[in-house]
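Participant:
2 protein chains.
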Amino acid sequence: MATRRERLREQTSAEIKAAALAQLREGGAGALSLRAVAVSIGMSPAGLYRYYPNRDALLTDLITDGFAALAQEVARARDAAKGDAFVAAALAYRGWALDHPHEFALLYGTPVPDYEAPESGPTSTASRQVGAAFVPPITEAWHRGTLKHRESTPALTTFAAAMGLPPEAAAVAFSAWTTIHGLVVLETFGHLAWLGENPTPLATSRFRALSEDLGIAPPEN
Amino acid sequence: MATRRERLREQTSAEIKAAALAQLREGGAGALSLRAVAVSIGMSPAGLYRYYPNRDALLTDLITDGFAALAQEVARARDAAKGDAFVAAALAYRGWALDHPHEFALLYGTPVPDYEAPESGPTSTASRQVGAAFVPPITEAWHRGTLKHRESTPALTTFAAAMGLPPEAAAVAFSAWTTIHGLVVLETFGHLAWLGENPTPLATSRFRALSEDLGIAPPEN
DNA sequence: GTTGCAGTGCGATCAGTGTTCACACATTCA
DNA sequence: TGAATGTGTGAACACTGATCGCACTGCAAC
């Protein structure tokens, strides 16, 4: 049973996070100032420290939420796909990154120096959900027997075992995810500006080719 | 003819850059403090502004140098390769990133908000040298006729024309570079920590597979 | 029902940041 | 020699994240 105080605390906590997220979306993590967050919710800067021990803790919360949002978006697109679910998932990954560049940068950009996310911490588990969102279409293809063989390594087989996957599927999933991420991160961070104004067709054709090359694409009906 | 003053200025400028680079390598761009740089070369903080108009200008200089160093390292490994020059280049790319994580983060990590590198600025041209370092083995494969066909797009054909490449080779180069970058950036930024202590065999096998799948790998003699 | 305690918020304050400005010194050139 | 230009300094400003002691409030036990 939530006492009045617990409810208020929960509410204030959410308000802080919402204000921080708004600031993040405007100017990125570098422009996120605790003081600005505090005044935007009508609070003293010092008061924030009753809710978050420091700035990093607040960012960690935002990171966790960001991974969850990205994973959910990818899974949603995958499940709603008419044709190739893998391509749909990849496009959703890219779309979320382009729609939320500052949040994406917080997730996959420059890591905080000397900060190593604890192996079982909230950010690590949330991060793995993103990769996992790409897996189902790949296991389906594995059951169909169309999956291209990829050499697996010890590291990957343990990973596969942990996720209850056949090693071949894990190797393919790893290839696929890192490949998609490469294109998306370069584009989102502005390193593909020389490609011109509309790189969407290029990305789409890349993802389709990837799906076919790896044998993930479902047969045309 | 360099006057005495010009020589001194050049020297001080280099000293500042060297001190900044040292700080960057220790704690990353976030921990690079102008004041610390100033005192480390025995100068007043304000004096730095005679050489760099602001902090971003100093970072821009470091970025330019970083791209050049990375491109040079990749090119060196490619030219010195005994077997597959493309795989050697990819491994050099990864090796440089792992050896200089903070510099790599400065190049390809979270971009500065609202900062868009001018199309013909020093950072843009330096950045393109990195991608270009991967091209020669691909054009060789194109001449051999082993290159896998990749669907090209208008954006890529203009790029190919600008670099004097056949569009097919440009499409393959683009695929290859983004794929390599995906693996490297995830590993360098710590998102593949769950892979265990030694991901090098995995990376190597990935690069070899990429080279073969794209038809870049030279025939075994 | 009062008393005491934990939770909550605030103002003042500290160390540190990038940056600016007026001033002093050194170098260069006429 | 004198004027102009370049170079470096110390003080200051407006920020930042963070800490501390003091007040106030909700709550729970006596």
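Sequences listed follow chains A and B, in order. Residues in the first sequence are numbered from 14 upward in steps of one, following our numbering. Residues in the second sequence are numbered from 14 upward in steps of one, following our numbering. In this text, a Cβ means the ideal position worked out from N, Cα and C, and glycines have one as well. Here the structure is a predicted model, which is why all the values come from computation and not from measurement.
1. Which residues in chain A sit within 9 Å of H113 (chain B), going by Cβ to Cβ distance?
2. When you check each C-beta in the region 201-219 of chain B against every C-beta of chain A, which residues fall closer than 8 Å?
3. Check A230 (chain A) in the structure and name its three-state DSSP category.
4. L111 (chain B) by DSSP, collapsed to three states: which one?
5. Could you have a look at D69 (chain A) and say whether DSSP puts it in helix, strand or coil?
6. Please list the residues of the region 42-73 of chain B that have a C-beta atom closer than 8 Å to any C-beta atom in chain A, keeping them in chain order.
7. Determine the direct distance from the alpha carbon of D97 (chain A) to that of A94 (chain B), and round the result to whole angstroms.
8. Whole angstroms is fine: what's the gap from S26 (chain A)'s alpha carbon to L196 (chain B)'s?
9. Buried or exposed: R107 (chain A), going by 16 or more other Cβ atoms within 10 Å of its Cβ?
10. Note the first and the last residue of the continuous alpha helix (DSSP H) segment covering M56 (chain B).
11. Which residue comes first and which comes last in the alpha helix (DSSP H) that contains G195 (chain B)?
12. Assuming G60 (chain A) is part of the alpha helix (DSSP H), what are its boundary residues?
13. Closer than 8 Å is the cut-off here; do at least three beta carbon pairs connect the region 151-163 of chain B with the region 163-180 of chain A?
14. Evaluate contact between the region 108-116 of chain B and the region 200-218 of chain B, counting only Cβ atoms and requiring at least three cross-stretch pairs below 8 Å.
15. Starting from the C-beta of A186 (chain A), find all residues in its chain whose C-beta is less than 8 Å away, skip the five residues before and the five after it, and write them out in chain order.
16. Would you be able to state if there are at least three C-beta pairs under 8 Å between the region 30-45 of chain B and the region 83-92 of chain B?
17. Interface residues of chain A around S140 (chain B) at Cβ under 7 Å?
18. From which residue to which residue does the alpha helix (DSSP H) around R18 (chain B) run?
19. Under three-state DSSP, which class holds R157 (chain B)?
20. Considering only the beta carbon of each residue, do R221 (chain B) and V100 (chain B) sit closer than 8 Å?
21. Within the 8 Å Cβ cut-off, does G199 (chain A) reach chain B?
22. Starting from the Cα of D69 (chain B), find the closest Cα among B:F80, B:M56, B:G43 and give me that residue.
23. For I193 (chain A), which of A:G209, A:L169, A:A154, A:S224 has the nearest alpha-carbon?
24. Would L208 (chain A) and A168 (chain B) qualify as a contact pair, given that the criterion is a beta-carbon distance under 8 Å?
25. Using beta carbons (cut-off 8 Å, strictly below), is A168 (chain B) in contact with chain A?
26. Exposed or buried, what is R219 (chain A) when buried is set at 16 or more other beta-carbons lying within 10 Å of its beta-carbon?
27. Quick one: list the residues of chain B neighbouring D226 (chain A), beta-carbon separation under 8 Å, in chain order.
28. Whose CA, out of B:P214, B:P58, B:D78, lies closest to the CA of A31 (chain B)?
29. Taking 8 Å as the limit between beta carbons, can you name the residues of its chain near T269 (chain A), skipping five residues before and five after?
30. Along the region 72-95 of chain A, where does the CB come closer than 8 Å to a CB of chain B? Name the residues.
31. List, in order along the chain, the chain B residues whose C-beta lies closer than 8 Å to that of F172 (chain A)?
Facilitator: In this structure, then:
1. Going along chain A, no residue has its Cβ under 9 Å from H113 (chain B), so there is no contact; the nearest lies around 13 Å.
2. Result list: F202, G203, H204, A206, W207, L208, G209, N211, P212, P214, L215, S218, R219.
3. Three-state DSSP puts A230 (chain A) in coil, outside helix and strand.
4. Helix, per DSSP.
5. D69 (chain A) falls in the helix class under three-state DSSP.
6. For the region 42-73 of chain B, the set of residues with a beta-carbon nearer than 8 Å to any beta-carbon of chain A comprises A42, G43, A44, in chain order.
7. Looking at the two C-alpha atoms, the distance is approximately 39 Å.
8. Between the alpha carbons of S26 (chain A) and L196 (chain B) lies a gap of roughly 36 Å.
9. By the 10 Å Cβ count, R107 (chain A) comes out buried.
10. Looking at the DSSP string, M56 (chain B) is not in any alpha helix (DSSP H), and its letter there is neither H nor E.
11. Taken as a continuous stretch (DSSP letters only), the alpha helix (DSSP H) holding G195 (chain B) covers 180-201.
12. Per DSSP, G60 (chain A) belongs to no alpha helix (DSSP H) and is neither H nor E.
13. No, the region 151-163 of chain B does not touch the region 163-180 of chain A.
14. Yes, the region 108-116 of chain B touches the region 200-218 of chain B.
15. Cβ within range, chain order: G144, F147, V148, I151, L178.
16. Flag = no, the region 83-92 of chain B and the region 30-45 of chain B do not touch.
17. Listed along chain A are H204, each with a C-beta nearer than 7 Å to that of S140 (chain B).
18. Start and end: 17-40.
19. Helix, per DSSP.
20. Inclusion of R221 (chain B) and V100 (chain B) in the CB contact set at 8 Å is warranted, their separation being smaller than that value.
21. One detail in the question is off: residue 199 (chain A) reads as Leu in this sequence, not Gly. With 8 Å as the cut-off, L199 (chain A) counts as an interface residue toward chain B.
22. Looking at the Cα atoms, B:G43 is the closest of the given residues.
23. Out of A:G209, A:L169, A:A154, A:S224, A:S224 has the C-alpha closest to the C-alpha of I193 (chain A).
24. Their beta carbons are under 8 Å apart, which means L208 (chain A) touches A168 (chain B) by this criterion.
25. Using beta-carbon distances, A168 (chain B) counts as an interface residue toward chain A, with a partner under 8 Å.
26. That one is buried.
27. The contacting residues are D226.
28. A31 (chain B) has its Cα closest to that of B:D78, out of B:P214, B:P58, B:D78.
29. A query on residue 269 (chain A) cannot be resolved here, the shown segment of chain A reaching from 14 to 234 and no further.
30. Close to chain B, meaning a Cβ-Cβ distance shorter than 8 Å, is no residue of the region 72-95 of chain A at all.
31. Correct list: W207, L208.
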